[in-house]
Structures are given as structure tokens and as C-alpha cells.
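Chemist: The structure under discussion is supplied below as C-alpha cells; questions concerning it will follow.
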Amino acid sequence: MKKRVLTGLQPTGVITLGNYIGAIKQMIEFQEEYDSYIFIADMHAITINQDPIELRNNIKSLVALYMACGIDFNKNTIYIQSDNPYIANISWMLECNTYYGELSRMTQFKDKSKKNANFTSGLLTYPVLMAADILAMDTDYVPVGIDQKQHVELARDIAIRYNKKYGETFKIPEPIIKSTGTKIMDLQYPDKKMSKSSENQKGVIRLLDDLNVVRKKIMSATTDSEMVVKFDTVNKPGISNLINIYSSLTNKSIKEVESEFKDSNYGNFKTKVADVVVDVLSDIQNKYNEIINGDKIDEILDHGMLKNIEISKVFYEKMKKSIGLGRK
Ligand code: AMP
Ligand code: TRP
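If you want our numbering, it's the position in the sequence shown, counting the first as 1, plus 55.
Right, dumping it as C-alpha cells:
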């Protein structure tokens, strides 16, 4: 039997070229090797304030975008977290077996609660909901960024403690720390990561950006005054970033890219980078439009929802019984 891998994505903001190059490629590798589950963590998103219309639009849009990037619905079970009412119930039962001290020590909670004095209690209990996502799906592996590793470790602690108290119930999941891969930098500030949450739009390419705007962003990327296309992240961070983008999207090595452009000026080089990025995005956007406007996506999400419910319901019933809830 294939091992089960599960990951959740928050539906906040349109994903960037950095996410595509740094993360989605790895997810596409996982889908070949594992029994793979991907869900939209919309309940996690509301731990901070969200505009309801925007949030709801983002949910299906994100599913369609991942599929357009190559996440195959035949190889992944794809669902929306809030479509399954058992998860929040399981989360409650786990919360009552998790200590306030453990939750208040989480790094993400400490950071986020410092930023806003009016934080919600959901921000504190967020990792327990995440533990419910993971444990109630009988998960073996959880690929996450390093910032989420602590939450997966807490899920392990919760599972171990629960099993001791109520008898063998949960599998103990393991985090897989996503390889950092190629880090794509902001086009305007190449010393900063290209980030979904960046305020300056000029340096960030989002997968659904207008293609003319994408071209302009690349043409006006920060470079240097040396005029040689050479990979040197210390002295030439802007050019090195463009080399990385070009190399990742064409599968050419850095050396090959350097030699391809050894006689080029920056204008020519940028034009070629823009051509490749626009090509890739145009393909993604065409597929995205087809998916978001078709009816297949609801079918896929319904199928995922039923599978998610079927698996988690067994845990829910078992937990209720062991804890002593409900009728005999
Ligand atoms: P985030 O959007 O920051 O939650 O990140 C989601 C995933 O995308 C993580 O696995 C990150 O490692 C990856 N990622 C985000 N931004 C970049 C970037 N600029 N370059 C490479 N990978 C990135
Ligand atoms: N908290 C994760 C994030 O912000 C998203 C998430 C929710 C998740 N539930 C999960 C990730 C379960 C992995 C497994 O990125």
C-alpha cells in the first residue's frame, strides 16, 4: 500500500511564480509516489480577518489554479476543509486534550498575536485544527514549510498522548520538510523573497496576472551596471534571480543559461526571460479558465469531500465513544 501524504493550503491571495517554482513542482513529484491528499484550509484562513466574498472566490480559484499547474485530480484527492463538518468536531475533542501552555508556546502564535492585540482564540487553537486535519485522515507524511514543522510536531504529541489515554487510535504522522529548492526573489528588491503578501506589486508575479503586465514587470526588474549575464547572488542578485527563473522554467542549468546569454545585453536577456515566463503563464491561464468555467471542478471537490468525510467519520465515532460522549 502506498503511504498517505496530506497537505493543506490556505486560500489567501493568488499564488506567485515563487510558489510555482519552489513548491508546486515538488507536489507534482509527490503525486507519483504517494496516496496524495490536498485540501484548501479555508477554516484556518479565518483565524485572521477575511473579506467573505474574496475568501469564497479564492477557494475554488486556488483549486483550479493548482490543477492548471499540473496537480492531477486522478492522482490526488482534493477537497475543501469546511465541506466536512467532522473535522471541527474532532478538533474540539482534541482541544480538550491539549494544554493551553502548549498552544501559547507555538512560535507562529507568539508572532501573530504580537502583531495584533485583538487576536482571536482561533489563532491560539489553530494548530489543533491542523492536528485534526492530519490525524483524522490517517496520514503518514505531512509536507510543510519549515514554519509549520512545529505544528506537525504538536500533532504528533497530541496523537501520542491521546493513544495513551484512550487506546490506540491515531497513526503518528511525520513532517516532510519541503526542500527549499530555488528561492525566487522579488523583481524590484532582489534581496527579498518574492512573496504572496508583498505590498509592492511590481516585484511580484502572480500566476493570474495580465500577461502584458508580467512582461513589463520583468523588463523593469532591478539589475546592476555591469552588463554581464553571470550568476552571482552577492554582487548581482537581480540578474541571478532572472537566471534562476529562466533556468527553472526551461530546465537548463545555470551554466547553460550563462553561456546562452554571454554576448547579450540586459535588454535582450530580459526579453527572453519574459518570453519564457509569459509562455508558461499563458498555458497555466488557459487551463485555469477551462477548469474554473467547467463543471468538472465541482465533481472533483464532491468526490474529495465524500472521501474525506468517510475516513474522518470513523475517527469521529471512535473518539466519541472512547471519550464518553453521546448516548450508549
Ligand atoms: P507561502 O506562500 O509563503 O505560504 O509558501 C508556500 C510554499 O511556496 C512554500 O513551500 C514555500 O517554500 C514556497 N515559496 C513561497 N515563496 C517562494 C519563493 N519566492 N521562492 C521559492 N519558493 C517559494
Ligand atoms: N497551517 C498550514 C499553513 O498555513 C495549512 C494547513 C492546515 C495544513 N492544515 C494542514 C498543512 C494540515 C498541512 C497539514 O500553511
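Note that CB positions come from ideal geometry on N, CA and C, so glycine has one too.
Computed from a prediction, not measured in an experiment: that's the story for all the values here.
For M185, which residues in the same chain have their Cβ closer than 6 Å to its Cβ, ignoring the five residues on either side in sequence?
Modeler: H206
Chemist: Nearest-angstrom Cα distance between P107 and V284?
Modeler: Approximately 46 Å, taken between the alpha carbons.
Chemist: Tell me where the alpha helix (DSSP H) around E208 begins and ends.
Modeler: K204 to Y221
Chemist: From the DSSP secondary-structure annotation, give me the bridge partner or partners of D90.
Modeler: According to DSSP, which records beta bridges pairwise, D90 is partnered with R59.
Chemist: Using DSSP with H/G/I as helix, E/B as strand and the rest coil, what is V289?
Modeler: Coil.
Chemist: Where does I232 fall in DSSP's three states?
Modeler: Note: I232 maps to strand in three-state DSSP.
Chemist: Could you say which of S116, V335, K291 and I378 lies nearest to S280 if we only look at CA atoms?
Modeler: K291
Chemist: Cβ of I231 within 7 Å of any heavy atom in ligand 2?
Modeler: no
Chemist: With a floor of 4 residues, list each alpha helix (DSSP H) that falls wholly inside the region 274 to 358, ordered by position along the chain.
Modeler: Entirely contained in the region 274 to 358, the alpha helix (DSSP H) runs reaching 4 residues are, in chain order, 292 to 305, 309 to 315 and 321 to 348.
Chemist: Does the distance from the C-beta atom of M210 to that of I231 stay below 8 Å?
Modeler: According to the sequence provided, residue 210 is Ala. The question's Met does not apply to it. In this structure, I231 does not lie closer than 8 Å to A210 by Cβ.
Chemist: Going by C-alpha to C-alpha distance, which of L149, G63, T175 and M56 sits closest to Q105?
Modeler: Closest by alpha carbon: T175.
Chemist: What are the boundary residues of the alpha helix (DSSP H) that I189 is part of?
Modeler: S176 to L190
Chemist: State whether the region 137 to 150 contacts the region 365 to 380, with contact taken as three or more CB pairs (one from each stretch) at a distance under 8 Å.
Modeler: A contact between stretches requires three or more CB pairs, one per stretch, nearer than 8 Å, and the region 137 to 150 meets this requirement with the region 365 to 380.
Chemist: Inspect the beta-carbon positions of G465 and I95 and report whether they are closer than 8 Å.
Modeler: Limits of the chain in this structure are 56 at one end and 383 at the other, which puts residue 465 out of reach.
Chemist: Taking DSSP as the reference, what is the three-state secondary structure of K251?
Modeler: coil
Chemist: Mapping the DSSP letters down to three states, classify I95 as helix, strand or coil.
Modeler: strand
Chemist: M98 to T305, Cα distance in whole Å?
Modeler: 37 Å
Chemist: If we ignore side chains and look at the alpha-carbon of each, how far apart do D241 and S303 end up?
Modeler: 16 Å
Chemist: L380 by DSSP, collapsed to three states: which one?
Modeler: coil
Chemist: Counting only the same chain and skipping the five closest in sequence on each side, list residues whose C-beta sits under 8 Å from that of Y244.
Modeler: N255, G258 and T277
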